[in-house]
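Numbering (our numbering), first residue to last: 583 to 985.
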């Protein structure tokens, strides 16, 4: 059984094709600059056992992008299947589930209409997600489409964690509450961490998962279920991120908007796209930032000091919320790959009983679960590689075929 997973942005489409008998990846890739024209660079990347293909293609919309994807999948030179009919189902990552249920589900026109009606809850993502599914339905009629929602893993949060201090009617009428994001990643790595800890005879009831990348979030997990998370009603909340400010005093939106001559929408876009790491030191990629740190750049040093400090505060808060802590998990582009960032984050966690082994962390191989705490550390620290796509593929198989 072959399942295609799709992660659509407003002008992009990332994909992987799985053979579910052994969960192997037959191919993966991405298409960027959808809806744009007048550029010369290669915007399509396709990888398989046959090699890597990069091409330039100006595509008006996601439907054209899907048509191109089908050609890549079936092409005699680049393809991995002989016919599109080999694809049993398509799983779509949705950033938000809207006000309907967040459990993975089959997508039909009624569900898509419902999701689009809730687009104000995720205006940067929901329209693109819905449009992408409709394009897929047009290109691949009759093939089941399944929605897998980032918010699903966080649906187990209790009201005391997801409610805000606004009038209760704002929650009832306008659905103002914390939703949480990066759910597929938190779900995958928490399950992997719990399995690893139990196999090694270690307690695993209370863990904190840190998904750290250009966008970052942290979740508190008790017995495999999320009880709190750092992102809120939108992915803007939480710690400092690549281009996002993270949580700020709400008054700043009005104050900064007036000072910069921006309306509320423009100010929120500014906080989402031009702040965070980039706003403080000019770079959003921590590899560039640590290069600047080694060159003595004070703003770069401040950026990572803030990042580590804010993460430690959240870890402390979640240890208190769970009344204990067994393990801290690092994943995502930064969490898995930046030993420098892990060192900055983990240097002052003795207060929760977590002792960092920098030497092990510095030599941590990619793609494997590695314990980066010392042997005598009460709270274990692990690097666990994430795999959001296999979560989507598994959910798609279960929803579409019940297995």
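Even for Gly, the Cβ is constructed at its ideal location relative to N, Cα and C.
Just so you know, these numbers come straight off a predicted model, no measurement behind them.
| Item | Value |
| --- | --- |
| The segment 903-917 contacting the segment 833-840, beta-carbon criterion three pairs below 8 Å | no |
| Beta bridge counterpart(s) of residue 701 as assigned by DSSP | Answer is none; residue 701 lacks a bridge partner. |
| Continuous beta strand (DSSP E) stretch holding residue 635: start and end | 633-637 |
| Residue 616 vs residue 599 beta-carbon contact at 8 Å | no |
| Burial state of residue 777 (16 or more Cβ within 10 Å) | exposed |
| Segment contact flag, the segment 886-904 with the segment 756-763, C-beta cutoff 8 Å, min 3 pairs | no |
| Cβ shell of residue 699 (< 8 Å), same chain only, five flanking positions each side left out | 680 |
| Beta-carbon separation (whole angstroms), residue 914 vs residue 767, contact threshold 8 Å | 7 Å |
| Residue span of the alpha helix (DSSP H) that contains residue 891, given as start and end | 880-904 |
| CB contact flag (residue 678, residue 689, <8 Å) | no |
| Limits of the unbroken alpha helix (DSSP H) element including residue 656 | 644-656 |
| Buried/exposed call for residue 618, threshold 16 Cβ in 10 Å | exposed |
| Beta-carbon proximity check, residue 827 vs residue 858, cutoff 8 Å | yes |
| Reduced DSSP secondary structure (H/G/I, E/B, other) of residue 849 | helix |
| Whole-angstrom distance between residue 848 and residue 770, CA atom to CA atom | 35 Å |
| Nearest-angstrom Cβ-Cβ length linking residue 936 and residue 955, presumed shorter than 8 Å | 6 Å |
| Cβ pair residue 798, residue 815 closer than 8 Å | no |
| Simplified DSSP state of residue 612, which is helix, strand or coil | strand |
| Residue span of the alpha helix (DSSP H) that contains residue 708, given as start and end | 708-721 |
| At least three beta-carbon pairs within less than 8 Å, the segment 927-935 to the segment 956-963 | yes |
| Sufficient close CB pairs (3 or more, under 8 Å) joining the segment 970-978 to the segment 664-673 | yes |
| Presumed contact (8 Å Cβ cut-off) between residue 808 and residue 911, rounded CB distance | Contact flag wrong, Cβ pair sits at about 13 Å. |
| Straight-line Cα distance separating residue 676 from residue 716 | 13 Å |
| CA-to-CA distance, residue 697 to residue 644, given in whole angstroms | 18 Å |
| Proximity of residue 663 and residue 655 at Cβ, strictly below 8 Å | yes |
| One or two residues paired with residue 671 in a DSSP bridge | 585 |
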